[in-house]
Structure formats: C-alpha cells, structure tokens
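Report on the following structure.
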Amino acid sequence: MPPLPPLPPSSGAAAVSLHDVGDRLARERRQELLVHARRLRRVFLWVSAITVGVVGAGWFVLTILFCGCCEGRADAARNQAYEVSKSMEIFRLQHGRWPTSLLELTVPPRGKPVMDQLPLDSWGGAWRLAMPTTWGPLPPGARASQRETGRPIVWSAGEDGEFLTDDDVGNWPR
Numbered sequence: 008m009p010p011l012p013p014l015p016p017s018s019g020a021a022a023v024s025l026h027d028v029g030d031r032l033a034r035e036r037r038q039e040l041l042v043h044a045r046r047l048r049r050v051f052l053w054v055s056a057i058t059v060g061v062v063g064a065g066w067f068v069l070t071i072l073f074c075g076c077c078e079g080r081a082d083a084a085r086n087q088a089y090e091v092s093k094s095m096e097i098f099r100l101q102h103g104r105w106p107t108s109l110l111e112l113t114v115p116p117r118g119k120p121v122m123d124q125l126p127l128d129s130w131g132g133a134w135r136l137a138m139p140t141t142w143g144p145l146p147p148g149a150r151a152s153q154r155e156t157g158r159p160i161v162w163s164a165g166e167d168g169e170f171l172t173d174d175d176v177g178n179w180p181r
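Per our numbering, the very first residue in the sequence shown carries number 8; after that it's consecutive.
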C-alpha cells in the first residue's frame with residue numbers, strides 16, 4: 008500500500024497532523040474509559056454493600072433463631088430456680104424446716120405465703136423439687152456437693168420437657 012500524501016497546509020492555520028488527531032481521539036477514548044470505570048466501580052460498591060447487608064442480616068436472624076433464644080431461656084430458668092430456692096430459704100427461716108413440696112411456698116401451714124404463685128419455667132413446665140431427706144435421682148447437672156450442703160434442689164425439665172436429661176436447668180452451679 009502506498010504511503011498517504013501529505014495534507015496541504017490550510018490558509019494561515021497550522022496543519023493538523025494525523026498524529027494530533029490520533030492523540031485527541033486517544034484522550035477522548037481514555038476519558039470515556041475512565042467514566043465507564045467509575046460507573047462500574049460505583050455499581051460494584053453498591054452490589055458489595057447490598058450483599059454484605061443481606062448476608063449480615065441473615066446471619067443475625069439465624070443467630071437469634073438457633074442460638075440466642077435457647078441460651079436466654081435456659082438463663083431465665085436458672086434465675087427462676089434461684090428465686091424459688093431463696094423463697095425456700097425464707098420458708099425455712101419462718102417455719103424452722105424446709106418445705107415438703109413447692110406448693111407449701113404458696114399455701115403454708117401457718118402464716119403468710121412466701122410466694123403468691125409458683126412460676127412456670129421458661130418453657131411453660133412445672134418445677135421439680137429434690138429434698139435433702141428424700142434424695143432421688145439427681146438431674147445430670149447437679150453435683151454431689153448439693154447433697155453435702157443439705158439444700159434442696161429445684162430444677163426444670165428444660166427444653167425437651169423430660170426430667171433427668173442433659174438439658175435440665177436448676178439451682179446448681181454451672
């Protein structure tokens with residue numbers, strides 16, 4: 008292919024070379040690419056932020072559903088067991104003996120009741136009482152030291168609703 012002939016000079020103005028035109032086109036193209044890159048960067052940042060938000064919200068919901076509520080209920084039940092134990096101590100101070108059942112806390116043989124009503128555990132179940140004089144089977148979490156202290160054990164069946172399983176919660180140390 009033969010070389011292109013040079014452009015004739017225009018009247019009084021400097022001649023525009025192909026090199027100058029190429030530079031100008033390259034600058035314009037570079038500007039377009041930069042604008043496009045900025046737009047893509049913004050889109051990427053928005054998509055990333057939305058993705059992180061959705062994943063974070065999902066993690067939060069899953070944590071609440073599968074972890075937090077079970078621990079919270081067990082802690083609340085443990086606190087209730089300690090409160091019932093304190094009521095039993097008050098009964099012992101008033102009557103000189105431990106109550107024979109939890110019902111005696113609400114209907115004592117004489118005097119005012121220690122509790123208005125017995126609370127249900129966190130799962131809506133009843134509490135169980137093991138007296139120092141009539142020790143039966145102990146829940147898995149209760150230690151032998153409970154027997155040595157001579158204090159009654161108050162416990163709940165826990166989430167599964169069955170006594171003497173690993174999820175029982177009561178007034179023994181963790």
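In this text, a Cβ means the ideal position worked out from N, Cα and C, and glycines have one as well.
Can you tell me where the beta strand (DSSP E) holding residue i begins and where it ends?
i      : result
TRP105 : Segment: none, TRP105 is in no beta strand (DSSP E) and carries neither H nor E.
ILE160 : 160-163
LEU136 : 134-137
Helix, strand or coil for residue i per DSSP?
i      : result
VAL54  : helix
VAL182 : Since the first residue shown for the chain is 8 and the last is 181, residue 182 is missing from the structure and cannot be characterised.
SER82  : Looking at the sequence provided, one finds Asp at residue 82 rather than Ser. Looking at ASP82 - three-state DSSP - the assignment turns out to be helix.
GLU111 : helix
GLU5   : Because residue 5 is not part of the residues shown, which for the chain are 8 to 181, the question remains open.
TRP66  : helix
SER61  : Inspection of the sequence shows that residue 61 is occupied by Val rather than by Ser. Residue state, collapsed to three classes: helix.
ASP123 : coil
GLN169 : The residue asked about is misnamed: residue 169 is Glu in this sequence, not Gln. In this structure, GLU169 counts as coil in the three-state DSSP scheme.
GLY118 : coil
ALA149 : coil
GLY131 : coil
GLY29  : helix
In chain order, what residues of the same chain lie with their CB nearer than 8 Å to the CB of residue i, ignoring the 5 residues before and after it?
i      : result
ARG117 : HIS102
GLU166 : CYS77, ARG80, ALA81, TRP130 and ASP174
PRO144 : LEU171
Could you pull out every residue in the same chain whose Cβ sits closer than 6 Å to the Cβ of residue i, ignoring the five residues on either side in sequence?
i      : result
ASN178 : ALA88, TYR89, SER92 and VAL161
ARG181 : none
ARG99  : TRP105
ASN29  : Looking at the sequence shown, residue 29 is not Asn but Gly. So the list is empty, once near-sequence residues are dropped.
SER94  : LEU112, VAL121 and MET122
To which residues of the same chain is residue i closer than 7 Å at the C-beta, ignoring the five residues directly before and after it?
i      : result
PRO126 : GLN87
ILE97  : VAL121
ASP128 : ALA84, GLN87, TRP134 and SER163
VAL114 : PRO120
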